[in-house]
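Peer 1:
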Amino acid sequence: MENLQQEIKQLIIDALSLEDITADDIDAQAPLFGEGLGLDSIDALELGVAIKQQYHINIKGKDENTIKKHFYSVKTLANYIGGYSAQGNRNE
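With this note's numbering, letter number 18 in the sequence shown gets 0, and the count goes up by one each step, no holes.
This is how it looks when you write it as structure tokens:
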């Protein structure tokens, strides 16, 4: 899971053109939005597209709160992507 978290950190940096930080600067448990990394809703859309392209999955949930839960931190994204891939649910 640690490798996946590192991949996601780098994906965030690359997809959002965050030139002033490195993967090591991103705390895997810190919020991606607001007081954490400081991403906004446009960043969320761009990150969602990057995740779809990289991992061939859509971040989807039953409601907005479920989606927010997946996007809370690098760790929650890694848990979702890792679990999704382990279940063989790609291309859904």
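Where a beta carbon is used, it is the ideal one built from N, C-alpha and C, also for glycine.
Keep in mind the model is a prediction, meaning the values are calculated, not measured.
Check L59 in the structure and name its three-state DSSP category.
Peer 2: Against the sequence shown, residue 59 aligns to sequence position 77. Residue state, collapsed to three classes: helix.
Peer 1: Can at least three beta-carbon pairs, one atom from the segment 20 to 36 and one from the segment -12 to 1, be found at a separation below 8 Å?
Peer 2: Judged by Cβ distances under 8 Å, the segment 20 to 36 makes contact with the segment -12 to 1, as three or more pairs qualify.
Peer 1: In terms of residue numbering, what span does the alpha helix (DSSP H) encompassing H87 cover?
Peer 2: The structure shown has nothing for residue 87, since the chain only spans -17 to 74.
Peer 1: Whose C-alpha, out of Q(-12), A12, L0, is nearest the C-alpha of D6?
Peer 2: For the purposes of this step, residue 6 is identified with residue 24 of the sequence shown, where counting begins at 1. Answer by Cα proximity: Q(-12).
Peer 1: Measuring alpha carbon to alpha carbon, tell me which residue in D45, A10, L0, L(-2) is nearest V56.
Peer 2: Translated into the one-based positions of the sequence shown, residue 56 becomes position 74. When only C-alpha atoms are compared, the closest one is A10.
Peer 1: Mark A12 as exposed unless 16 or more other C-beta atoms lie within 10 angstroms of its C-beta, in which case mark it buried.
Peer 2: The residue labelled residue 12 in the question sits at position 30 within the sequence shown. By the neighbour-count rule (16 or more Cβ atoms within 10 Å), A12 is not buried but exposed.
Peer 1: Between I63 and L(-14), is the Cβ-Cβ spacing less than 9 Å?
Peer 2: The residue given as residue 63 occupies position 81 in the sequence shown. The residue given as residue -14 occupies position 4 in the sequence shown. Yes, the Cβ-Cβ distance between I63 and L(-14) is below 9 Å.
Peer 1: For I(-10), which residues in the same chain have their Cβ closer than 6 Å to its Cβ, ignoring the five residues on either side in sequence?
Peer 2: Counting from one through the sequence shown, the residue named residue -10 turns up at place 8. Counting only Cβ-Cβ distances below 6 Å, and skipping sequence neighbours, we find V56, L59, A60.
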